[in-house]
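All letters in the sequence shown, in the order written, are residues 1 to 546 by the working numbering.
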Amino acid sequence: MGKTRVGRRWNLIDQSVLEGHDLSALHCGSSPLIRTLQSLDGRSYSVDLTFLATRPRLAQILANSLWITYQAAARKDTVNRTIFTLKLFTQFLDYRCRTQLDVWTAKQLSTDLLKEFAIWLVATRHLKRKSAAGLFAACCCFLRRARRLYPEAFDQSFATPRNLFAGADNDRTESRALGRSEFQKILLAAQKDSGEIMDGYQPGAVPTDPQQLIPFMVILAARTGINPKALHDLERTCLSPHELDEDIFYCTWEKPRAGKQQRQLHRIDRRNQMGVVSLIQFLQRFTEPLALEATMPISTKLFLYLGQSGKTRRVLSSSTSLGTFHRHFPLFARRHDLPRFTLSNLRPTAATQLYLQTGGNLRKVQQFLQHAHMRTTVNYVLNSITAPFNARVIQKAQERILQRITVIPTSRSKGAKNLGLPKNQTQKIIDGRYDTGCGTCRNPYDSPQAGEEKDRACTSFHACFTCPNGLWFLEDLPAVIATRERLVSLQPGMKREQWDEVYAESVRIIEQQILAAFRPEQIAMAESKSREWLRRQLVVGKGILS
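Here's what the structure looks like:
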């Protein structure tokens with residue numbers, strides 16, 4: 001880059017903006033523990049960090065780091081999550097100081113202390129590994145940011161530990177889905193209330209109570225699978241006509257966390273006024289007088305009502321205040337004698353019902369929820385529902401594997417000739433040139449195992465029991481029995497889950513598929529011969545799994 005171009009982009013920024021981002025005052029001084037920040041939509045909110053006050057020197061570093069990080073407009077939810085993480089960390093320090101020296105400064109923070117914090121999250125706070133991993137990562141990220149801002153305040157050797165919750169991302173979280181009967185009761189109650197509201201509607205009438213909006217929100221959430229935040233923020237212009245069919249509409253909404261818009265196709269049902277399009281069109285008429293009186297950005301929202309402030313004065317309210325509007329759902333549940341629920345329960349419940357209706361088709365559920373990754377979709381479906389389907393799929397896969405191995409309960413010279421293989425290959429099998437130590441291979445130089453190359457001898461030890469190349473003749477029976485005994489003998493020296501992962505399937509195939517194909521007298525004779533095989537060396541994958 002030429003010298004004349006250096007710094008040119010900074011000339012495009014207004015000087016007042018640069019002054020607004022001057023962090024020197026925050027960096028050098030001690031800020032109050034209560035400040036007012038601004039969210040992305042321009043609204044101001046108060047942040048209280050007085051819970052840090054018991055450790056003043058540490059509080060100065062942590063509080064100033066937070067003010068510096070979020071002094072520009074930031075999402076309120078992001079700030080609140082960071083504050084919640086700091087509260088947890090403070091609670092951990094309070095718990096720790098009962099038996100150990102307290103932490104007063106940032107220099108006392110260490111890798112070992114953070115490891116103690118990770119253990120505390122699981123052992124004392126009883127968080128699930130996945131939740132603990134997320135909160136721990138957020139805390140470490142904030143502390144690394146604080147160290148970059150105040151390097152002199154931290155010990156030079158300070159570092160945050162990594163991989164303390166290895167594999168936590170793959171842990172299955174409990175679904176929030178409701179039971180089928182509970183879901184049906186909620187939908188029936190919502191349809192009853194919304195039907196009465198629509199039948200009694202008079203032009204010019206407006207919602208005066210959140211209970212007049214909740215039934216519509218419940219039905220829309222169940223039919224679209226929209227997430228709670230997007231439903232609260234649904235705009236009046238969310239419907240747009242289809243290019244070709246006048247009875248079909250696009251329903252579009254914003255999903256900020258996904259960073260994009262999402263939309264679904266919905267058809268007008270002339271016979272049913274509870275369809276998505278019909279409900280939204282009614283809500284547009286029902287709340288239109290309020291939208292005309294409201295200012296931006298409230299005037300763009302679909303869910304509006306005339307609320308009450310104090311005893312007499314009425315004010316225009318929007319359901320976009322997600323933090324307070326959810327408090328109206330318990331009243332709806334009590335009025336209809338329903339189980340306690342919120343909108344966050346309806347999205348996974350709708351996903352679970354679709355999963356059942358499609359016979360366990362997760363791809364359709366993924367399309368309905370518009371997830372980018374299948375693992376996210378799996379977390380939404382009720383665990384007890386997916387377990388039988390998954391077990392059935394695993395069983396079918398295991399049956400196919402077992403059908404691929406070939407057990408021939410006769411001598412090798414007779415059985416090999418009935419395989420229909422080329423004469424040269426058959427003769428090598430009869431001569432024992434394709435023995436594997438626990439059986440026989442059709443062709444070890446043409447292995448179907450992953451990572452093996454054609455014309456190179458197979459090196460996948462003990463994969464024979466699930467390999468389509470595997471053959472077992474009467475002569476192989478002593479070696480098979482000896483192999484089973486040796487694999488079983490490894491159990492005491494390994495962890496149960498490790499042994500199950502490496503050897504359990506092979507032992508099960510030996511007992512249920514290979515030995516079961518031979519007559520009892522053949523097995524008895526082979527067992528006497530297997531003692532000689534037990535004296536021989538056998539290559540096994542014994543050790544600790546990484």
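No residue lacks a Cβ here, since even glycine has one placed at the ideal position from N, Cα and C.
DSSP-derived helix/strand/coil call for residue i
{"i": "P468", "result": "coil"}
{"i": "K454", "result": "coil"}
{"i": "T105", "result": "coil"}
{"i": "H21", "result": "Note on H21: pLDDT 46, under 50, position unreliable in the model; the coordinate value appears next. Residue state, collapsed to three classes: coil."}
{"i": "V381", "result": "coil"}
{"i": "V206", "result": "coil"}
{"i": "G307", "result": "strand"}
{"i": "K229", "result": "helix"}
{"i": "D435", "result": "strand"}
{"i": "T376", "result": "helix"}
{"i": "K529", "result": "helix"}
{"i": "T352", "result": "helix"}
{"i": "K301", "result": "strand"}
{"i": "T410", "result": "coil"}
{"i": "T160", "result": "coil"}
{"i": "T459", "result": "coil"}
Buried or exposed (CB count within 10 angstroms, at least 16 for buried), residue i
{"i": "I219", "result": "buried"}
{"i": "Q60", "result": "buried"}
{"i": "H266", "result": "buried"}
{"i": "G359", "result": "exposed"}
{"i": "S194", "result": "buried"}
{"i": "K301", "result": "buried"}
{"i": "I429", "result": "buried"}
{"i": "S240", "result": "exposed"}
{"i": "M217", "result": "buried"}
{"i": "S181", "result": "exposed"}
{"i": "F518", "result": "buried"}
{"i": "D476", "result": "buried"}
{"i": "T349", "result": "buried"}
{"i": "A450", "result": "exposed"}
{"i": "T295", "result": "exposed"}
{"i": "R375", "result": "exposed"}
Run of the beta strand (DSSP E) containing residue i, from where it starts to where it stops
{"i": "I34", "result": "34 to 38"}
{"i": "Y250", "result": "248 to 255"}
{"i": "S240", "result": "239 to 241"}
{"i": "K260", "result": "260 to 267"}
{"i": "Y45", "result": "44 to 48"}
Assumed close pair residue i, residue j - CB separation to whole angstroms, cut-off 8 Å
{"i": "T352", "j": "V381", "result": "5 Å"}
{"i": "L62", "j": "L86", "result": "6 Å"}
{"i": "V480", "j": "G439", "result": "7 Å"}
{"i": "R263", "j": "Y250", "result": "5 Å"}
{"i": "A118", "j": "A132", "result": "7 Å"}
{"i": "Y201", "j": "F303", "result": "Rounded, the Cβ-Cβ distance is 16 Å, inconsistent with contact."}
{"i": "L58", "j": "L33", "result": "With 8 Å as the limit, L58 and L33 do not qualify as a contact, their Cβ atoms being about 12 Å apart."}
{"i": "T426", "j": "F473", "result": "At roughly 12 Å, the Cβ-Cβ gap does not stay under 8 Å, so T426 and F473 are not in contact."}
{"i": "A457", "j": "Y445", "result": "6 Å"}
Proximity winner among the options, relative to residue i (alpha-carbon distances)
{"i": "E254", "options": "K529, D233, E485", "result": "D233"}
{"i": "V365", "options": "G225, T483, E288", "result": "G225"}
{"i": "K76", "options": "R98, Y95, L52, L40", "result": "L40"}
{"i": "A137", "options": "L178, D435, F89", "result": "F89"}
{"i": "T124", "options": "Q91, H242, Q211, N227", "result": "Q91"}
{"i": "A222", "options": "A74, L66, M525, S344", "result": "S344"}
{"i": "I214", "options": "F329, T295, D446", "result": "F329"}
{"i": "T105", "options": "Q261, Q191, L93", "result": "L93"}
{"i": "L283", "options": "P297, M296, Y305", "result": "Y305"}
{"i": "Q38", "options": "P56, F51, W67", "result": "W67"}
{"i": "K529", "options": "W499, E501, T483", "result": "T483"}
{"i": "R96", "options": "N80, A74, L121", "result": "L121"}
{"i": "V277", "options": "H242, K260, L290", "result": "H242"}
8 Å Cβ cutoff, residue i in contact with chain C
{"i": "C251", "result": "Absent here is chain C; the protein component of the structure consists of one chain."}
Start and end residues, alpha helix (DSSP H) containing residue i
{"i": "S131", "result": "129 to 149"}
{"i": "L88", "result": "76 to 96"}
{"i": "Y70", "result": "56 to 70"}
{"i": "T111", "result": "111 to 123"}
{"i": "I330", "result": "Looking at the sequence provided, one finds Pro at residue 330 rather than Ile. That run of the alpha helix (DSSP H) goes 329 to 335."}
{"i": "L279", "result": "276 to 286"}
{"i": "M217", "result": "214 to 224"}
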